[in-house]
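A.B. asks: Mind having a look at this structure? Questions to follow.
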Amino acid sequence: MKQQPGKLGIREYASIAILMVASKASEDTPAVLYSHVKNAAWIIPLLAGVIFFVPFYLLVKTFSVHQNKTLFELIQNLFGKYIGFFIGMAIFLINSVAISFDSRTYANIIRTYYFTTTPNLIIYAILMLVCAYGAKKGIQHIGSVSYIVIFYVILSFYVALLLSAQDANISAIFPIWGTGIADILKESIPRVTLYADFFILTAILPYVTSFKDFKKSTWIAYFYVIFHLSIAVLVFICLFDVTMTGMGYPFHTAIRYISFGRFLSNIEILFLPIWLMATFIRFSAFLYINAHMFGHLFKIKDFQYLIPSLAAIYLLIGMIPESALDLSVQFKGKVKYFAGPIYAALCILLWATALFKGEFKHAKKKNSM
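Mapping of the sequence shown onto the working numbering: residues 10 to 378, in sequence order.
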């Protein structure tokens, strides 16, 4: 199929979605999940993915009768100009806080494991500068680069898991239900935030070649990342067992175990460039989408010029937590806990409003004529 110029095809959109969500396996997410349900942490991505699938499917169905609209255009169309504006502003603010604390997490990882003597502010500033540059290039360029590097990112991740898993103990997954089925169910509901990025990505739906391509690429990415996150957490549990409780970033700890003898002991350096590329793509996409949101809310046509300013603001917000522990527990943890359920509820509300207004019936009649 010939791709329209300036549009994202199935491969580009799916690559962006996978890099944005699957990268959570390389940060503190596995350790956070383990701290709540212990050995059953690998079940949470599976169950949370199933739970979020229902409201997100309803959102995609709602978009089927509004195929040329962005997320915010859909919200304003269904809820009205003023209510839609306040809902859109709430989404923008939640996403802004999430970007700030997520990007700070990645700056912490880089300093903790790779550049231990470099001030955190310098690392963080360089990270945001590179991501702002990438975002300024546009979503089409981000999609193209995503498609180029996606194979290497996924391959390097699984090679790292395979090499580090040689010291793993499969018996560490027992008892398989961890702290209990009730705790698993309770923890899975707020953890739908793992897949909240798919909700945010609907803001760039008009940039995809067709609605059919959007649906196909979305579901390819969605079901893949469920598998990806679950497998990653399972391997980390088998590798670290109870020590994951006090561990910040299991993936980066795991690759430090990899060695090919004394001549090639610091092999984690080989994985760093690929991981950094995935990081730059993730936050470049986030910055672009958030600038797009802000531009839509305040009728700013050339929203690309907002990207450097937003990056600077997110840098300042991200520097508020004094330590990695404060960031993970007091700030990032609270935002992540309620963002996903809010987005899931909004998906259902949008679908219910469209159903109540009879938009599905009107679309069906229009298609049958």
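Glycine included, every Cβ here is placed at the ideal spot set by N, Cα and C.
(1) Buried or exposed: which applies to ALA361, given that a residue is buried once 16 or more other Cβ atoms fall within 10 Å of its Cβ?
(2) Hey, ILE193 and GLY187 are a contact pair by Cβ (cut 8 Å); roughly how many whole angstroms apart?
(3) Rounded to whole angstroms, what's the CA-CA distance from GLY58 to ALA354? Just pull it up for me.
(4) At the level of alpha carbons, what is the spacing between GLY255 and GLN313?
(5) Which one of PHE207, LYS221, ILE246 has the shortest CA to CA distance from VAL63?
(6) Helix, strand or coil for VAL251? Go by DSSP, reduced to three states.
(7) Mind pulling the beta strand (DSSP E) runs of 3 or more residues that sit fully within the region 93-118?
(8) What three-state label does DSSP hand VAL168 in the structure shown?
(9) Should VAL201 be labelled buried (16 or more other beta-carbon atoms within 10 Å of its own) or exposed?
(10) Shortest alpha-carbon distance to LEU88 belongs to which of LEU296, ALA363, ALA181?
(11) Should the region 339-350 be regarded as contacting the region 153-168, the criterion being three or more beta carbon pairs within less than 8 Å?
(12) So who's on the other strand from LEU17, going by DSSP bridges?
(13) Check each candidate in LYS370, TYR323, GLY349, ALA348 and name the one with the smallest Cα separation from GLY130.
(14) Please determine if the region 155-162 and the region 245-252 are in contact, where contact requires at least 3 C-beta pairs separated by less than 8 Å.
(15) Please state the DSSP three-state secondary structure of ARG265.
C.D. replies: Put simply:
(1) It is exposed - the Cβ of ALA361 has fewer than 16 other Cβ atoms within 10 Å.
(2) Their Cβ separation, rounded to whole angstroms, is 7 Å, which keeps ILE193 and GLY187 in contact under 8 Å.
(3) Spanning the two alpha carbons is a distance of roughly 15 Å.
(4) Cα-Cα distance, rounded: 41 Å.
(5) Among PHE207, LYS221, ILE246, the Cα nearest to that of VAL63 belongs to PHE207.
(6) Three-state result, VAL251: helix.
(7) The region 93-118 contains no whole beta strand (DSSP E) run of 3 or more residues.
(8) Helix.
(9) VAL201 comes out buried.
(10) Checking the displayed sequence, the identity of residue 88 turns out to be Phe instead of Leu. Per the Cα distances, ALA363.
(11) With a cut-off of 8 Å, the region 153-168 and the region 339-350 do not count as touching, because too few Cβ pairs lie within range.
(12) LEU17 is bridged to VAL217.
(13) The question names Gly, but residue 130 is Leu in the sequence shown. In this structure, TYR323 is the residue among LYS370, TYR323, GLY349, ALA348 with its C-alpha nearest to the C-alpha of LEU130.
(14) Too few Cβ pairs lie closer than 8 Å, so no.
(15) Coil at ARG265, not helix or strand.
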